[in-house]
Structure formats: C-alpha cells, structure tokens
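Read the structure below first, then the notes.
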Amino acid sequence: MTDERIELPQGTLDLLILKTLSLEPMHGWAISERLRQVSHAALQVPQGSIYPALHRLERRGLIAAEWGTSDNNRKAKYYELTRLGRKRLAAESDQWAKLTTAVGLVLDLN
Amino acid sequence: MWLELQERWNDLCYRVRSLARRDDLERELHAELDAHLDREAETYERRGVTAEEAHRLARMTFGGIEGIREATRVERGTALIESIASDVRRAVLGFRASPGWTAAIGLTLALGIGVNVAAFTIVKGTLLTPLPYPDADRLVLISATVGDDASPLPATVPEYVAWRDRTHVFEAVATAGYVKADLAAEDGSAVEVVQTLECSPSLFGALGIPPELGRAFTEAETPINGRADVAVITHGLWERRFHGDPRVIGQRVRIDDHIYAIVGVMPASFAESISGTTIDVLVPLVLNSNRLKGSARGWPVIARLKPGTSVDEAQADANAVSSRLGAERGERLGAIVRQLWTAQRSNLGRPLAVLGGIVAVVLLLACTNVSGLLLARTIARRADLFVRWAIGAGRARLIRQLLIESLLLAGLGGCLSMAVAWVTLHVWIARGPLVLPAASTALDGRVTVFAVAFSMAVGVLLGLTPAAYVWRADFGEARGSSSRAVWEPRRVRRLRGVLVATQIAAALTLLVNAGLLVNTFVRLAVNPLGGDLAGVSAFTVQFAPARYRAFAGSRDGLPLLDISPEPARKAAEIWRRLRAMPGASDAAVVNHVPFVQAGPLTPIGVGDGAIADAGAPRARVYVVTPHFFATLRMPLVRGRDFDARDAPDGPLVAIVSETLARTLWGGRSPIGERIRVATDDRPRAIVGVVADSRVNPQERAVTPMIYTPLGQQPTQDVAPNIGEYLLMTFVFRTARDPLATAAAVQTIVADVDPGRPPVDIHLLDRDLSRALEAWTYFASAMTTFAAIAMLLAAIGVYGVVAHAVAQRARELAIRRALGAGHLDIWRLAFNYVGWFLACGLVCGIAGAAASTRLIQGALWGVTPTDAPTYTIAVLLMIAATCAAVVVPIRRGLRESPASALRAE
Numbered sequence: 012m013t014d015e016r017i018e019l020p021q022g023t024l025d026l027l028i029l030k031t032l033s034l035e036p037m038h039g040w041a042i043s044e045r046l047r048q049v050s051h052a053a054l055q056v057p058q059g060s061i062y063p064a065l066h067r068l069e070r071r072g073l074i075a076a077e078w079g080t081s082d083n084n085r086k087a088k089y090y091e092l093t094r095l096g097r098k099r100l101a102a103e104s105d106q107w108a109k110l111t112t113a114v115g116l117v118l119d120l121n
Numbered sequence: 003m004w005l006e007l008q009e010r011w012n013d014l015c016y017r018v019r020s021l022a023r024r025d026d027l028e029r030e031l032h033a034e035l036d037a038h039l040d041r042e043a044e045t046y047e048r049r050g051v052t053a054e055e056a057h058r059l060a061r062m063t064f065g066g067i068e069g070i071r072e073a074t075r076v077e078r079g080t081a082l083i084e085s086i087a088s089d090v091r092r093a094v095l096g097f098r099a100s101p102g103w104t105a106a107i108g109l110t111l112a113l114g115i116g117v118n119v120a121a122f123t124i125v126k127g128t129l130l131t132p133l134p135y136p137d138a139d140r141l142v143l144i145s146a147t148v149g150d151d152a153s154p155l156p157a158t159v160p161e162y163v164a165w166r167d168r169t170h171v172f173e174a175v176a177t178a179g180y181v182k183a184d185l186a187a188e189d190g191s192a193v194e195v196v197q198t199l200e201c202s203p204s205l206f207g208a209l210g211i212p213p214e215l216g217r218a219f220t221e222a223e224t225p226i227n228g229r230a231d232v233a234v235i236t237h238g239l240w241e242r243r244f245h246g247d248p249r250v251i252g253q254r255v256r257i258d259d260h261i262y263a264i265v266g267v268m269p270a271s272f273a274e275s276i277s278g279t280t281i282d283v284l285v286p287l288v289l290n291s292n293r294l295k296g297s298a299r300g301w302p303v304i305a306r307l308k309p310g311t312s313v314d315e316a317q318a319d320a321n322a323v324s325s326r327l328g329a330e331r332g333e334r335l336g337a338i339v340r341q342l343w344t345a346q347r348s349n350l351g352r353p354l355a356v357l358g359g360i361v362a363v364v365l366l367l368a369c370t371n372v373s374g375l376l377l378a379r380t381i382a383r384r385a386d387l388f389v390r391w392a393i394g395a396g397r398a399r400l401i402r403q404l405l406i407e408s409l410l411l412a413g414l415g416g417c418l419s420m421a422v423a424w425v426t427l428h429v430w431i432a433r434g435p436l437v438l439p440a441a442s443t444a445l446d447g448r449v450t451v452f453a454v455a456f457s458m459a460v461g462v463l464l465g466l467t468p469a470a471y472v473w474r475a476d477f478g479e480a481r482g483s484s485s486r487a488v489w490e491p492r493r494v495r496r497l498r499g500v501l502v503a504t505q506i507a508a509a510l511t512l513l514v515n516a517g518l519l520v521n522t523f524v525r526l527a528v529n530p531l532g533g534d535l536a537g538v539s540a541f542t543v544q545f546a547p548a549r550y551r552a553f554a555g556s557r558d559g560l561p562l563l564d565i566s567p568e569p570a571r572k573a574a575e576i577w578r579r580l581r582a583m584p585g586a587s588d589a590a591v592v593n594h595v596p597f598v599q600a601g602p603l604t605p606i607g608v609g610d611g612a613i614a615d616a617g618a619p620r621a622r623v624y625v626v627t628p629h630f631f632a633t634l635r636m637p638l639v640r641g642r643d644f645d646a647r648d649a650p651d652g653p654l655v656a657i658v659s660e661t662l663a664r665t666l667w668g669g670r671s672p673i674g675e676r677i678r679v680a681t682d683d684r685p686r687a688i689v690g691v692v693a694d695s696r697v698n699p700q701e702r703a704v705t706p707m708i709y710t711p712l713g714q715q716p717t718q719d720v721a722p723n724i725g726e727y728l729l730m731t732f733v734f735r736t737a738r739d740p741l742a743t744a745a746a747v748q749t750i751v752a753d754v755d756p757g758r759p760p761v762d763i764h765l766l767d768r769d770l771s772r773a774l775e776a777w778t779y780f781a782s783a784m785t786t787f788a789a790i791a792m793l794l795a796a797i798g799v800y801g802v803v804a805h806a807v808a809q810r811a812r813e814l815a816i817r818r819a820l821g822a823g824h825l826d827i828w829r830l831a832f833n834y835v836g837w838f839l840a841c842g843l844v845c846g847i848a849g850a851a852a853s854t855r856l857i858q859g860a861l862w863g864v865t866p867t868d869a870p871t872y873t874i875a876v877l878l879m880i881a882a883t884c885a886a887v888v889v890p891i892r893r894g895l896r897e898s899p900a901s902a903l904r905a906e
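Protein chains in written order, with our numbering: chain Z, 12 to 121; chain H, 3 to 906.
So, in structure tokens, the structure goes:
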C-alpha cells in the first residue's frame, strides 16, 4: 500500500464498473483486476467493495447477471451491461467530463 | 427523467424478487465471493506462496468479508425487511413462552378495540352513509317556525301549499302523512291493517325513486275535493300479499271501504329509506278545501333543490314565503330549510356521543392496563435488552423490537376485536333503544379497514411507554448492579402512577354515570302509578273514520262532523259481552290507557261560564265506561263511579282526579260542582273524585285528570278531534292466565263488528315494563361497563402495588429488621398509593361532572350533580383501591425479614 493511492469519490465506483463492463461481460474478480490494471494501481478500491456496488447496479437494472462457466470450467457469475446501463454510462461519463473540466478551470490546471 | 423512472421500477421489482428468493441469493453470494477469493489466491500461488498464505493474502486484499456480505445484502434492498422479520420471530417466540400474559393482553385489547369498531360501524352506518336517493345532497326538509321560537316544527297544509306554489328554488316540494287503514280485497274479504302513506305525487320526483313496476300516480289523479282512486304498493306488501305477482298492476283493492286500483310497486329500497316505519300502501294526498284551511302541524315537507341552488338561498326564499303567508293570516311564521340528511340525523348526536364516550373510556382502560403490563415486562427484561445493546444493537433497534411486539399484540387484539364488535352490535346495541337502519350494523370492508388502522394506532401508542423507557434507560446502571437489586427508576414509578390514576379517573366517571342511571331506574320503578296493572289485558279497536262520519257544516272555520252513534254502540256491546265472559272479573272501555298513553291536554272551565282563551286550567280528558276504576284498581276517594244513570239522556256528569279537585276547590268537596271541557263545552256535574294516577311512569308532576262517561259524548265535533271518538281500548281483568281468554275475546269482537281483522291483545303491565325498558337498558349497560372499569382499575392498582412490593422487598425487610412495625409499612404503602388515588379521584369527579350532561336526557328524578351518587361512587372506588393494596402488602408482610434478605 503506497501513499500515492487515492480514495474514490462517492459514486464513481459505479461509473468505473459500468465503463469496465462496456467492453465485455465479466465476473467480479476480473472486474477488480481490470480496475487495478487500468488505473495502474493508483485507485484504492478494496476488492470486496465492488460486490455491493455490483448488486446495487443490478438492482437498478443497469447490469444483468448470469451464471456461466469460465476458463478451466469453473462456475462464475458474469455481469453484462444492459441497454439502460449503456444509457446511464453515456449520461454519467458526460457529466463526469463536464465536472472535471469545470473543476479544472476553477483550479486553473488546464 | 425517463431513465430515473425506469431505474426506480427495476429497483422495486428487484427488491420484491430478492425477498422471494432470499435463500437462493444468499447461496449465490457465498459462491460468488468464494470464487473471487479462490481466483485471487491462485494469483498469489502462481507467485510461489503456499496455498494457506495465498488464501490469507487474498482475504486481506478483499477486505472484511462479513462486512462486504452485509453491505451486499443491504444493496439487495431487503435488509430492513429481513431484520424486521427476525424481530417478529423473536417477538412471537417471546409470546409463546408466556401464553397467559399474551392472552390477557390480546383479550383486553380485543375488548378495547372491539367496542370502538362497533361504534365506528354505527357512525359509518348513520353519519357516513349518504341517503339512498340520487343526488341526495339536493334533498332538504322544510320546517316551520312560529313566533319567536326558532325550533323547527312540522308544517301545516297552507304552509306546504305556499312553499310549493310560491317559491322558486325547488324542483319539487312534497309532503306525506302516515295513516293506518284496513286493506281488503275488492269484495271486502281478507282484511288486514296496513300502514298507508298519504303523499303528494311530487314525492316520487322529489326523492328520485321511480316504481319498480307500473307507474307512480300523478297530480291529475289527486282531484281537489274529490277522491283519489289509485294506489301504489310497496315491495314488502307486494311480496307478502300478492306473492310478487306482476299482474297486481290494475288489480282493485278496498282501503277503508273505498276502491283503489293498484298502478305501481315501489322497490324495496324505498321502504328501507323512509325513517323506521314500514309502509305498505301509498295513496294520493287529496287536499280538499277543509285540509287547505287546516291548522294542524303534522306535515313533514321534503323538497328537492334545483341544481346549483344552495340551502341558504332556499332558506331565504322559503322564509320570505312563510313571512308573507303569516302576514296574510295575522301570524308570525318562518321557515327552516335543512338538508334532509342533517335533519334526519340531528337526533342521533347525543346517543352517539354517549356511545363514543363509553367506548373511549373502555379503550383508555384497556390501553392503560396493557401499557402497565408491557412496561413491567420491559423492566423485567432490561438485562436482556442491555446485552443486546452491548453487542451493538442501537437504542433505535431495541425500540423497533418493542414497537413490533406491541404492534403484534394490537394485531392479535384487532383480529379478536371483530368478534367483540359483532357481539356488541348484535347483542348489546340491537337490544337498545337506538333505532338504527339494518345496513348500519354490517361489518363490511370499510369497517375492516378501520379496525386494521385503529389496531395499528393502538399498537404504536402502546409501544410508546416501553420505548420511552428504553430511550431514557441508563444501561450503565443496569450493568453495574444485579438485575434484582435495581429499583424502578423514579420516573417509571411516576409513569405507572399516572397510568393507574387515569384508570381510577375513568372508572369513577363511569361509576357516577351508572349510579345516576340506576338511581333513575329505581325511582321510576317505585314511582306510584295510582293503579294496578297486573293481570289487566287490553286491546284496541279503531273504527275507520271514513265509515262513521258525515259533514254537518263548520265551526270556528273547521269542518264539523256528525259522530255516528254506531262505534259507541258497538263498543258498549263488546264491553257487555266481555264482562259476561267466563274468567273475566271486570272490564271497561277507555279511549286512552292511563299509565301507558296520555290523553289530550284540554282547557277546562269551572261553573257555567265560558272557558277563558288563555290561562284556563288544563286537564287530561279520558272517556270511560263504568267499572273502569275498579278494573284498574284506582281507588275512588269520594262520590260514586259512573253507572247506568249516566246515559245520553241523563244529567251530564264527570269524575275528577284528586289533584284537580284540590287545585280548583281547595279542601272543599267538589261533588255537585259544575265543570266544562273545551272539546264538549257543556257543563257537567262532578259525581266523584278518584285517586291521582300518572300518565306514564316518567311523568314528574301529576297532571289533573277528568273522566267523562262514554255514554255522554257529544254528537258533533270538528274534524281534527274526530279520531278521539273512534279509538276504543278495552281493558279487562282475568282470574286465569289472561291470554287463555284470547279466543273468546276474538269471537266477541268478530260477532259484534264482522269483517274486522283480529285484535291485538296485550298485557298492560308488560306495556309498562316496556315503557321502562330504555331505562333498564341504560342502567344495566352502564353498570356493566362501570363494573368492568372498576375491576380493570383495581387490577391496575394491584399490579403497581405488587410490583412495588416485590421491587422494595429488601428495603421493607431492612426497615422491619430495624424495628418498623406493620403499621409503618402500611403507612408507607398508603403514602405510595395515596397520591395517585387522590389525583384519580379528582380527575374522575371532574370527568363525571363533564360527562353526566350527556345522559341528562335519560335521567329522571335525579340531577346530574346528585351528591349522594358521587359520594357512593367515590367510596366504592376508594374501597376497590384499598382492596387492591391490601392483598400484595399482606403477602409481603407474611414473609419474614430474614428470608427476604437472604433471597437477595
């Protein structure tokens, strides 16, 4: 654990999961691996915390879950983005972009 | 926005699904998390660590697995429901462990909620149900006012006609009057007495109820000064007499010796909708010139407002018309327009308020007792609550548990309450004097909704006391000492004291009310009537006016009628045969039965002078045959009874009551004095004085009475009085079972007056007890409730004292060991009970003083503030409280101080 790791702002984990799943259906462990790799381990996401988030997204109908078989014939629960999830991802990404731009402008970073 | 809605909808569906598949989801969650950990461990293993170490590392990276699981469950959206379910399970287990306690609470609440559900059912049936007519809010009742008196009176015919013809706000104005009549087939066979309603044809339009068969009669069929010959029958008579045969339309029937053709049948809903009285036949109200001049106030006027017209506008219009009519006639007249619904229910207000008061008190008592029990149980369980608090359940969670328990108990009570409500309505209320439409006592969907909501409210209310205790409880204190040694905190003791004081107040309120009603009942029952009705049978014969009258001109602007001597002759013949009947010891004829019916209050004059218009003494006038006083055992004080000398051609005579004699002649004997009665206006010589009697059992002051012989009735009288001469009641005393002579009596009547339906023979003392029934009922119902209330309050006191004794056993033992005598202990106990007893008594007296106003109408011979009744009620309450204190204290004192101390 290094000090450079940053904690996720509230609500962004959902957005990250949606983005990750927009590429292909994945199971929980794969999602957490992908998050770690893509962020170059800079984001401090305890692995377990993606599970409540996954259930929350499933509840809202943004992702759908299905049991399937993974590599070497093991059962795994695969998550997939729904149509509604895609729309939500588009909307949230847009929002996020606007937010970061605005914050950047104020902080005069650009 | 659309996105949000869709997500919300998914959310809801998901929660419901997860609730149903709870176990599956739980298994899946375990499998999913295990799979994750396995994969993570594999990555470590591939780096060369041992399997055991790999799993440890995997779990570390993962985070606290229990926390994650719980968080996931929360996200699933069912965590709240699941924890409530576990609270419910815990509560049910607790109830099953103490079934007696649970049953006691369930039954107490069932009683408290049940009577309230019953009261709601009545309120729903009466106050919340609209009249069964289309656009019923446009139906109004128009009443008249006379002079400065603003109280609504029935109208006269001229007023009705004025409202009908001169106002502009009504779509239809109608009136009607009840008349009993003989209904027979066209040939005069199959006679029965029916209730007819003489009504204006506009009634059908005003109410908005058309006949279910045939048609209504029309204005054209109600000729002025003519005779109507069409009738509409009700569904009830159609079924009963015509077996529902549709060919009844066009059939001809004989009503009071006049032929009518049946043109229509009214639906069943019509009969039920008119206040209480069953109607059989509707005939057109014929307004002949006599009626149009009539001044009798007996006509209720119903009208339908034009759409968009307010009651106030109608009131103004009708009142203006009345004032003009009054000006034309030299009277001050006015009109009151009220919605029919409001007018019909205005007399229900007070009985419903009394009922509401009683059920509220019962609920209060039930709730306070149950509250006490729940609080005691919570205190007893505080160690358990403390443990749960210590392992992390918040106070809110503990309070939720307690609330769920009280809600479940209220639910149990609510289920049982439907049975209590049914019994209350069908056994208790149905026997009472409150006349209610049948539909109003049905336990329907609305009542069920009320019962559920009411039970929930009671449940929350009950949960508040233990919840307040937990909210403020000092768990640190509970931890620090053994559970038995902890005293009840002072505020809990105060709370229980308040509960018990409330109970004492409520019970005392009911006790005072019951006391006043019992007082009333006893006073009525021992009130001397002035005669003896035991063993006297009676039946009434009504001679049809149509057959025995003939117009003979007019007097004082009223039609004057010749009175046929036939009814009197027939009555005399029936009377003669009754006396000769085997088994009858005495018989007489009278127009109104004293004690049961009041004769008309009539102005009288003394001597030969004219009767003064105003301020003339008044007396009730009865027309009797000889033997009347003997039959009813009314002692003759002076002079003689009527006899054969008092024939139509003999000197006119009268007998007066003692009070009348004393009022008019002081101590002198009135025998030989002359007296005149307004309806007769011929001087009569007084031949006797009879003891006073009461018009009915609830008459307060004795009214003066005059008796005149049946043989000396006038031969002419004005139309409004004519009924007096055609109604004869036969009274006879029998040695054997009075009803055994019934067949003989029917034969006599049928012989003398053929074609008459059988007469209704009844026992006068039974009529009398029926007249007292309302009082019997009120007194017994209120006494029952007061007894229950007193018992509940005593149980409440007992509970508090027993609890305090148990809590303070150690203190008491130490005091006794240090030399305190029994007397000191008693003083301590009564000090403890004294303050809440005193509070309860003061509040109870205040409550009684406020509530007895409501039952004032049912009181007789006793004021609502009768001091002896209050004193007795207070003493009874003190006695009950003392009894409840003595039992636990004596038990406490029997135990030796040493054993009490050892037990700690």
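The beta carbon of each residue, even a glycine, is placed where N, CA and C say it ideally should be.
None of the values given here were measured: they were computed from a predicted structure.
If you compare alpha carbons, which of the options is closest to residue i?
i                 : options                                   : result
Ala860 of chain H : H:Thr778, H:Val283, H:Ala881 and H:Ser202 : H:Thr778
Ala516 of chain H : H:Ala459, H:Val876, H:Ala455 and H:Ser587 : H:Val876
Ile763 of chain H : H:Glu897, H:Ser539 and H:Thr717           : H:Ser539
Leu466 of chain H : H:Pro160, H:Leu377 and H:Tyr162           : H:Leu377
Gly359 of chain H : H:Leu294, H:Ser898, H:Ser853 and H:Tyr872 : H:Ser853
Ile657 of chain H : H:Ala412, H:Ala680 and H:Pro706           : H:Pro706
Pro353 of chain H : H:Ile86, H:Gly823 and H:Ile124            : H:Ile124
Thr883 of chain H : H:Ala850, H:Arg810, H:Thr871 and H:Gly842 : H:Gly842
Val255 of chain H : H:Pro213, H:Asp534 and H:Ile235           : H:Ile235
Helix, strand or coil for residue i per DSSP?
i                 : result
Trp4 of chain H   : helix
Leu95 of chain Z  : helix
Thr873 of chain H : helix
His32 of chain H  : helix
Arg486 of chain H : With a pLDDT of 43 at Arg486 of chain H, under the threshold of 50, the predicted position of this residue should be treated as unreliable, though the coordinate-derived value follows. Note: Arg486 of chain H maps to coil in three-state DSSP.
Arg481 of chain H : The predicted model places Arg481 of chain H with a pLDDT of 49, which falls under 50 and marks its position as unreliable, so this point remains unresolved.
Pro156 of chain H : coil
Ser60 of chain Z  : helix
Val142 of chain H : strand
Asp14 of chain Z  : The predicted model places Asp14 of chain Z with a pLDDT of 49, which falls under 50 and marks its position as unreliable; any figure quoted below should be read in that light. Three-state result, Asp14 of chain Z: coil.
Tyr550 of chain H : coil
Tyr135 of chain H : coil
Ser556 of chain H : strand
Could you pull the DSSP bridge partners for residue i from this structure?
i                 : result
Ser690 of chain H : For the sequence presented, residue 690 of chain H should be read as Gly rather than Ser. DSSP, once it has assigned bridges, lists H:Gly641 and H:Ile657 as partnering Gly690 of chain H.
Glu77 of chain Z  : Z:Tyr89
Pro605 of chain H : H:Arg620
His428 of chain H : Beta-bridge pairing links His428 of chain H to no other residue.
Ser539 of chain H : H:Phe734 and H:Leu765
Please list the terminal residues of the continuous alpha helix (DSSP H) segment that includes residue i.
i                 : result
Ser457 of chain H : Gly447 to Arg474
Pro286 of chain H : No alpha helix (DSSP H) contains Pro286 of chain H, which is instead part of the beta strand (DSSP E) from Val283 to Pro286.
In terms of residue numbering, what span does the beta strand (DSSP E) encompassing residue i cover?
i                 : result
Met268 of chain H : His260 to Met268
Ser587 of chain H : Ala586 to Val592
Point to revise | Against chain H: residues of the stretch 36-53 of chain Z by CB proximity under 7 Å | key: Of all residues in the stretch 36-53 of chain Z, Gly39 and Trp40 have a Cβ within less than 7 Å of some Cβ in chain H.
Point to revise | Chain-ordered residues of the stretch 90-102 of chain Z with a beta carbon less than 8 Å from chain H | key: Leu95, Lys98, Arg99 and Ala102
Review point. In chain order, what residues of the stretch 23-37 of chain Z put their CB closer than 9 Å to some CB of chain H?
Key: Interface annotation for the stretch 23-37 of chain Z against chain H: empty, criterion Cβ-Cβ distance under 9 Å.
Check your understanding: Using Cβ-Cβ distances below 9 Å, what residues of the stretch 96-124 of chain H are close to chain Z?
Key -> Answer in chain order: no residues at all.
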